[in-house]
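Participant: Once you know that position 75 of the sequence shown is 114 in the working numbering, the rest is easy, because the numbers rise by one and skip nothing.
Please find one structure pasted underneath; my questions will follow.
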Amino acid sequence: MRSSKVGIARIPEKRDKPPTGRKISTTSKGTVHSAQSQLFDVQDPTYTRKQLKEYRQLFNMFDTDGSGAIGNAELKQAMLSIGIHANEAEIDNVIREVRPS
């Protein structure tokens, strides 16, 4: 099983602040660092501020090491907690699907 992590974007404090447009960076180990480098587009009406806050709280609950990214073991535990039993290959596939190329 590869060790990869998937990050989450930081939610800006003020709704009137525009996103910085910084890119997600990937290390040679395949870890995606986006907690500090990517912002949700606050102009996008797809999600309300309340929904974004709830998603962030859920993400933080599953990011057990507080790294700002969810790794394979954390994802597996998160999936188990909602009743989804996945093997290591399936976890790798999920990480690969959401990691930017």
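Quick reminder that beta carbons are idealized off the backbone N, C-alpha and C, glycines included.
If you count every other CB in all the chains shown that lies within 10 Å of the CB of Ala108, and 16 or more means buried, which is it?
Facilitator: Ala108 is buried by the Cβ-count criterion.
Participant: Please state whether DSSP places Ile109 in a helix, a strand or coil.
Facilitator: Reduced to three states, the DSSP call for Ile109 is strand.
Participant: Exposed or buried, Lys89, counting other C-beta atoms within 10 Å across all chains shown (16 or more means buried)?
Facilitator: Exposed.
Participant: Tell me whether the beta-carbon of Ile130 lies closer than 7 angstroms to the beta-carbon of Leu119.
Facilitator: Not closer than 7 angstroms, so no.
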